[in-house]
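One structure below.
Pasting the structure below:
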């Protein structure tokens, strides 16, 4: 074999190894090895070499439907009744038009999730298989009650097979990732999260349910009666109760406009679902089924369209280090470039390992090539030029504490802040501080708080009211402009001058002191009476509903020098109106304790009901006990645990109507 052929085969083997490792990470892990853009480029190179040489090496991804990520699945492996073949792909509109020819076609989303195959017999769901390698999948039927988007029973008694995609929406994905404290453990994208979720065992079905994995049918694989229209088949699945992919009927002439319209919806950020392209299907399903099968592609089953990612090269100007709950993330700041109709100036570099893989050099002497992955997320894919080396910060940008480099379970090197009191690690406290029950600062989201902390603008609660000092920098931050910055500063000023003692105490995040306890303390001492009592170390144990434990928690908090400093700073900054201690309670509910359960209709909600009772001298408890005077439940005859407990203790159960009549 000539040396050149040996070199080509060697290159093909390198490409196969790189592509398969990247697929395994993409489908089964949390750390992506390369972007879709890079993967597609390597795949296209491999396919070209295979065509030129006529050689296909074992394990080539051009011949396989990936089953990566399913080896750890809890289900058993089973053969597919109908092979789940992959679709041929193109990035050219002209090839879509040529494929359509003179026939009507349907355009639909290529959802970026995990393919599932559902089987029904006698009107009941009997099996759910993952796609696996296209021939053998994993049986996850035990998840049927935890997944969404399909009926458990259908008004059809024959044999039915439906194929579709299981996805997690971007809002759900972001909410789930926010709940994972360590950014290093967060999922890279909704596809990874869906894959990980569908690998969980029967003991973790509640976790599956909470992740809101939703199935959307994209084809009717089989039913006993013939139905030779793709559109009619999908409409029939709608009637049976399936969620189905969005679709549009068109033809070759209409494809350019249709593709452009669907593409704009992705570029505008309108799509809540992860998509990585479009799919073209023939309306005539008999014609579609008559095509040949080559490798793992059926020639007429459908054609996938993937967007040709637009890239641009820019000069790296700065590396911004953004501190999260435990990880300090590098962000590339570069000269503005136009991508997909928007101006892009920044992109996450993920971690130290990714920076080293890319070959990031010194800012000002390094060029980066950037894309918007799936037309949404800016990503550095290549470093065409690099001089010098980037500098790892020795101190946390949020708090100034020393940093350290750690290697995670995946082998990725990340930068960490070791200070437990770092404000970036305490975002939940800041979220509580600015929330409706706290300082009630409208428009200050946890995402903005995270950015301000990472930028070093916020080190304490008091710094929230000093954000105006950073107005120029905030206006330049992503998601802000002059008007939105002005609105935010206006809301902060309104909070500073229009708060009250109860909201202030609730906002401080004192352990065991929520809104109810704050009301009791302010009611007992007034304002600034409570602050004076705190300075004089008066015990709050005698206050109704406080007791020794909560009183001790207040002083445990106040004895911390940082908390005491923050409190004094806030008292200087805020305008809290004076309040006299509450007068001795009186009214129709005087001396009575109520437990309120179930829905209410006279009052706006249970909080309004509770407020009425307290305003009229009564108390509201959360559970029935010997101290309870009345249980209020509009379903007075229900077998609920509270009704049973009240009956055992001889406590009267009132409907809301009866309460209104008596009190």
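Residue numbers (this note's numbering): 11 to 673.
We treat Cβ as the ideally placed atom computed from N, Cα and C, and that holds for glycine.
Predicted, not measured: the structure shown is a model, and the values here were computed from it.
Contiguous alpha helix (DSSP H) elements confined to the region 418-504 occur at 437-444, 456-464 and 481-485, taking only those with 4 or more residues.
Assignment of residue 145 by DSSP, reduced to helix, strand and coil, places it in the coil class. In this structure, the beta-carbon distance from residue 282 to residue 180 falls below 7 Å.
If you ignore the 5 residues before and after residue 623, its C-beta comes within less than 6 Å of the C-beta of 599, 604 and 630, all in its own chain and listed in chain order.
In this structure, DSSP gives residue 522 a state outside helix and strand, which the three-state scheme calls coil. According to the DSSP assignment, residue 376 belongs to the beta strand (DSSP E) that extends over 376-383. Residue 63 carries a helical assignment under DSSP once its states are collapsed to helix, strand and coil.
Around the beta carbon of residue 130, 16 or more other beta carbons sit within 10 angstroms, so the residue counts as buried.
Beyond the five residues adjoining it in sequence on each side, residue 454 comes within less than 8 Å, by CB distance, of 444, 474, 498, 501 and 502 in the same chain, given in chain order. Contact between residue 408 and residue 489 is absent: CB atoms are separated by about 19 Å, not below the 8 Å threshold.
By alpha-carbon distance to residue 95, the top candidate from 145, 118 and 341 is 145. In this chain, the alpha helix (DSSP H) harbouring residue 670 covers 666-672.
By DSSP's assignment, residue 136 forms no beta bridge with any residue.
Per DSSP, the beta bridge partners of residue 121 are 285.
Cβ-Cβ distances below 7 Å link residue 204 to 123, 124, 176, 177, 178 and 223 in the same chain, with the five nearest sequence neighbours on each side left out; the list follows chain order. When DSSP assignments are scanned along the region 151-236, the uninterrupted stretches of beta strand (DSSP E) that are 3 or more residues long and fall wholly within it turn out to be 170-177 and 224-233. Judged by pairs of C-beta atoms under 8 Å, the region 126-143 does not touch the region 283-299, as fewer than three such pairs exist.
Residue state for residue 291 is assigned as strand, using DSSP reduced to three classes. When DSSP states are grouped into helix, strand and coil, residue 88 belongs to the strand group. Only residues of its own chain outside the window of five on either side were considered, and among them 512 have a CB closer than 6 Å to the CB of residue 529, listed in chain order. Closest option to residue 90, judged by alpha-carbon separation, among 231, 216 and 185: 231.
When only Cα atoms are considered, residue 484 and residue 152 end up about 49 Å apart. Short of 6 Å from the beta carbon of residue 227, and not among the five residues preceding or following it, lie these beta carbons of its own chain, in chain order: 172, 174, 247, 252 and 254. One thing to note: residue 519 has its Cβ no nearer than 7 Å to the Cβ of residue 434. With a beta-carbon spacing of about 6 Å, residue 586 and residue 537 fall inside the 8 Å limit used to define contacts. With respect to residue 534, residue 553 sits close: the two C-beta atoms are nearer than 7 Å. Annotation for residue 107: the continuous alpha helix (DSSP H) segment containing it runs 103-110. Per DSSP, the beta-bridge partners of residue 328 are 343.
Exclusion of the five residues before and after residue 673 leaves 598 and 599 as the residues of its chain whose Cβ lies within less than 6 Å of its Cβ.
With contacts defined as CB atoms closer than 7 Å, residue 643 and residue 661 fail to qualify as a contacting pair. For residue 514, there is no enclosing beta strand (DSSP E); the enclosing alpha helix (DSSP H) has its first and last residue at 511-517.
Per DSSP, the beta-bridge partners of residue 605 are 631 and 641. Between residue 395 and the set 413, 412, 370 and 380, the nearest pair of CA atoms involves 370. Residue pairing from DSSP places residue 254 in a beta bridge opposite 227. Using a Cβ distance threshold of 7 Å, residue 344 and residue 358 do not count as a contacting pair.
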